[in-house]
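A short worksheet on the structure shown next.
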Amino acid sequence: MFTPEVLADLNKQETPFYFYHLGLLEQTLYACSEAANPYGFKVHYALKANFNETILRTIAAKGFGADCVSGNEVKLALKMGFKNNEVVFAGVGKSDKEIKEALALDIFCFNVESVEELSIINELAAKQQKKARVAIRINPNVDAKTHQHITTGLEENKFGINTWELNDCVKILHEAKHIELVGIHFHVGSQVRDMDVFKSLCLRVNEFNNWFLDRGFDLKVLNVGGGLGVDYCHPDENSIADFDSYFKVFDQFLERRKGQEVHFELGRALVAGCGALLAKVLYIKKGIKKNFMILDAGMTELLRPALYQAYHKIENLSSTSKNGIKYDVVGPVCESTDTFGKEVLMPESERGDLIAIRTAGAYGEVMASRYNLREPITAVYHQ
Ligand SMILES: *Cc1c(COP(=O)(O)O)cnc(C)c1O
7 MFTPEVLADL NKQETPFYFY HLGLLEQTLY ACSEAANPYG FKVHYALKAN
57 FNETILRTIA AKGFGADCVS GNEVKLALKM GFKNNEVVFA GVGKSDKEIK
107 EALALDIFCF NVESVEELSI INELAAKQQK KARVAIRINP NVDAKTHQHI
157 TTGLEENKFG INTWELNDCV KILHEAKHIE LVGIHFHVGS QVRDMDVFKS
207 LCLRVNEFNN WFLDRGFDLK VLNVGGGLGV DYCHPDENSI ADFDSYFKVF
257 DQFLERRKGQ EVHFELGRAL VAGCGALLAK VLYIKKGIKK NFMILDAGMT
307 ELLRPALYQA YHKIENLSST SKNGIKYDVV GPVCESTDTF GKEVLMPESE
357 RGDLIAIRTA GAYGEVMASR YNLREPITAV YHQ
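Written out as structure tokens, the structure is:
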């Protein structure tokens, strides 16, 4: 990723900044399409992972659909070239304004997350004399076995409609004139690398697919969400997510009826690897039995370590020292959780060294904040 030419350019830039390797993004998108196409699977990109406009235009140009979780994401997706009939809109708290706008834009489908929302979409669609296409987001009670803060498919989570409420949904669907059920939707969590989790999901989806058929609904779409994880520990050896194993599990265990479409919503797996956060060492400080490496980037530019103890590989791109030292790599923000890594073994480093925090393309730039009145930062792109 950091060839001598790229490095020469990066050394000239004012830090901190996000770095995106667009060549790797394109290779990743290609690998995903190549793995999904033989099965006829349709992939929607989850904008919430990264809504950088250069990245969005690249993904839209490759024919992906868009998975949005706010009205603004829906509008941005269309502006960046995603087709309106390939936009899905999820979220537990869609406002009336967001629903009205998405109806007017004729998006493909609302992924509905509560019984009450179903009635409201029907009412709002009636006012526009439209029929809203909806998918019921079902909480499958499948444990994603990932970090508790990014698990979404358990009954204790706020997402989706629980199984005991499905009869109420069916009642509304039979009576409501302005909604059309096109499918069922699931999303169990994020950063899932254990394929058995997806197998369990498939078996649950099969049950619900049949349950709906028994009640007279021949579903057009099975939307199994996203969640495929990436290798944060080995960003160079495993730079592209394991799309082959992922789609194969769904082909093997998901029972599709003739003509039934399978939709996916991948975020992290498409964009994590191509991004990095680049920063400079401001100070090296010796604490009690500790060395602190203080960077000019912090939790305001990459929140994941502070938010869910996420691991990111940290590299010194400048030092050629053979002397290995353990550093607590921290940011400048006034919070103890503003720490990128503890006891990280790195070559001996000094003020001014360029540091890369790898695999920051997903849930990085999108979560940036102005806390401490920090300056917003820009992105640098390379092919
Ligand atoms: C966040 C989210 C996704 C994408 O998750 P990744 O782990 O980034 O693939 C997909 N669908 C829904 C409904 C989501 O909330």
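Sequential numbering of the sequence shown, starting at 7, is according to the numbering used here. By construction, the Cβ of each residue, glycine as well, lies at the ideal position given by its N, Cα and C atoms.
Where the alpha helix (DSSP H) containing residue i begins and where it ends
i, result
"K85", "G77 to K85"
"L130", "V121 to K133"
"N216", "M201 to D220"
"Y377", "No alpha helix (DSSP H) holds Y377; DSSP gives it neither H nor E."
"I320", "No alpha helix (DSSP H) holds I320; the beta strand (DSSP E) holding it covers I320 to N322."
"F391", "Residue 391 lies beyond the range of the chain shown here (7 to 389); nothing can be said about it."
"C239", "That residue, C239, is in no alpha helix (DSSP H); it is neither H nor E in DSSP."
"F64", "In the sequence as displayed, the identity of residue 64 is Thr instead of Phe. T64 -> alpha helix (DSSP H) spans E59 to A67."
"P403", "Because the chain is modelled from 7 through 389, residue 403 falls outside the range shown and cannot be assessed."
"P10", "P10 to L16"
Any non-hydrogen atom of ligand 1 closer than 7 Å to residue i Cβ
i, result
"K100", "no"
"H193", "yes"
"G189", "no"
"V75", "yes"
"K54", "yes"
"L234", "yes"
"A419", "This structure gives no information on residue 419, because the portion of the chain shown stretches from 7 to 389."
"E271", "yes"
"A41", "no"
"S196", "yes"
"A247", "no"
"R210", "no"
"G391", "The shown model of the chain, from 7 to 389, leaves out residue 391, and the question about it has no answer."
"A66", "no"
"R274", "yes"
"A83", "no"
"A316", "no"
"A72", "no"
"A366", "no"
"A150", "no"
"A37", "no"
"A312", "no"
"A96", "yes"
Where residue i falls, given that 16 or more other Cβ within 10 Å makes a residue buried
i, result
"A243", "Residue identity check: residue 243 is Glu in the sequence provided, not Ala. With fewer than 16 Cβ atoms within 10 Å of its Cβ, E243 is classed as exposed."
"T365", "buried"
"E59", "exposed"
"C74", "buried"
"K54", "buried"
"Y36", "exposed"
"Q197", "buried"
"S206", "buried"
"P22", "buried"
"I144", "buried"
"N56", "buried"
"N229", "buried"
"K183", "exposed"
"V98", "exposed"
Residue(s) in a DSSP beta bridge with residue i
i, result
"G281", "Y26"
"I6", "What the structure shows of the chain is the stretch from 7 to 389, and residue 6 is not part of that stretch, so it cannot be assessed."
"N347", "In the sequence under discussion, the amino acid at residue 347 is Gly, which differs from the Asn named in the question. DSSP output for G347 lists V335 as bridge partner(s)."
"M352", "I331"
"Y387", "Y26"
"L360", "K286"
"I4", "Residue numbering for the chain in the displayed model covers 7 to 389; residue 4 lies beyond these limits and cannot be assessed."
"L301", "V287"
"V94", "D73 and C115"
"K292", "N297"
"A178", "Sequence inspection shows Ile at residue 178; the Ala mentioned does not correspond to that position. In the DSSP output, where bridge partners are listed per residue, I178 has none listed."
"I167", "I144"
Span of the beta strand (DSSP E) around residue i
i, result
"L53", "Per DSSP, L53 belongs to no beta strand (DSSP E) and is neither H nor E."
"V148", "No beta strand (DSSP E) contains V148, which DSSP labels as neither H nor E."
"E267", "E267 to L272"
"H153", "Here H153 belongs to no beta strand (DSSP E), and DSSP marks it neither H nor E."
Cutoff 8 Å: residue i Cβ touching any chain B Cβ
i, result
"E123", "Among the chains of the structure shown, chain B does not appear; only one protein chain is present."
Assess contact between the region 169-189 and the region 122-139, defined as three or more Cβ pairs (one per stretch) separated by less than 8 Å. Is contact present?
yes
Evaluate the contact criterion for the region 80-87 versus the region 281-288: three or more CB pairs, one atom per stretch, below 8 Å.
no
The region 293-302 / the region 336-346 touching (three or more Cβ pairs under 8 Å):
Between the region 293-302 and the region 336-346 there are three or more inter-stretch CB-CB distances shorter than 8 Å, so the stretches are counted as touching.
Are at least three pairs of beta-carbons, each pair with one atom in the region 234-243 and one in the region 14-33, less than 8 Å apart?
no
So, does the region 286-296 touch the region 307-319, judging by three or more C-beta pairs under 8 Å?
no
Would you say the region 267-276 touches the region 42-52, given that touching needs at least three Cβ pairs under 8 Å?
They touch, by the three-pair rule.
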